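Numbering (the working numbering), first residue to last: 473 to 659.
Every residue, glycine too, gets a C-beta built ideally from N, C-alpha and C.
Values in this document were obtained by computation on a predicted structure and should not be read as measured data.
Notes for the one structure printed next.
Here it is, written out as structure tokens:
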């Protein structure tokens, strides 16, 4: 069994923000791979399906970003996920250019408070798929990080995100099988 978590903030006002890219990816996977409707539980929403020879749980914590760890732990424990090798977290990364993807299996939070909160519960060893959100506007205008991550993507960026979400969904089997190097090369 594998738990795939997308980080974001609940609420319509955050829907198209850079910080919510994790939610957007989980929504795309759920829709395009015909997962059942989300069920509200564990201070979040989840959907579960047997796919690619594995039970896969998609999860979106519905606490705010900085409190993602406890809801993730609730679903992890409820479904008796074997270990953190079976935990994958999609999240935004302000240190990476948009829309670069990086996979990481161990390490620190890199200033990301949602990841910091998850590390506080699970430790540093779990799989992360980081989606770069930095762009030239951020680089050139000295915008505070907290303001930038809560700003909406531009229309041009939204078009690129559609393509990125499609590529991720089309290659989800590589994530489920923990073949992150091959996954990254396909994106």
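By the DSSP assignment, the beta strand (DSSP E) with residue i in it spans what residues?
i	result
residue 599	599-606
residue 505	Segment: none, residue 505 is in no beta strand (DSSP E) and carries neither H nor E.
Does the distance from the C-beta atom of residue i to that of residue j stay below 8 Å?
i	j	result
residue 578	residue 596	yes
residue 556	residue 598	yes
residue 648	residue 528	yes
residue 487	residue 507	no
residue 564	residue 605	yes
residue 645	residue 524	yes
residue 537	residue 475	no
residue 638	residue 659	no
residue 566	residue 617	yes
residue 591	residue 540	no
residue 629	residue 570	yes
How long is the line joining the alpha carbons of residue i and residue j, rounded to whole angstroms?
i	j	result
residue 560	residue 587	12 Å
residue 554	residue 473	8 Å
residue 543	residue 615	31 Å
residue 619	residue 653	32 Å
residue 575	residue 600	6 Å
residue 585	residue 494	14 Å
residue 632	residue 625	10 Å
residue 657	residue 526	22 Å
Tell me whether residue i sits in a helix, a strand or coil according to DSSP, three-state version.
i	result
residue 489	strand
residue 578	coil
residue 543	helix
residue 527	strand
residue 657	helix
residue 475	strand
residue 642	helix
residue 647	helix
residue 535	coil
residue 624	strand
residue 498	helix
residue 573	strand
In terms of residue numbering, what span does the alpha helix (DSSP H) encompassing residue i cover?
i	result
residue 567	Counting along the chain, residue 567 falls outside any alpha helix (DSSP H), though it belongs to the beta strand (DSSP E) covering 559-569.
residue 592	585-594
residue 619	617-621
Got a sec? Which residues, its chain only, sit under 8 Å from residue i by beta carbon, not counting five neighbours each side?
i	result
residue 545	593, 594
residue 502	510, 519, 530
residue 505	521, 523, 641, 644
Skipping 5 residues on each side, what residues in its chain have a beta carbon closer than 7 Å to that of residue i?
i	result
residue 517	510, 511, 532, 534
residue 655	575, 643, 646, 647
Near residue i, which residues of its chain fall below 6 Å by C-beta distance, leaving aside the five closest residues on each side in sequence?
i	result
residue 477	531, 544, 561
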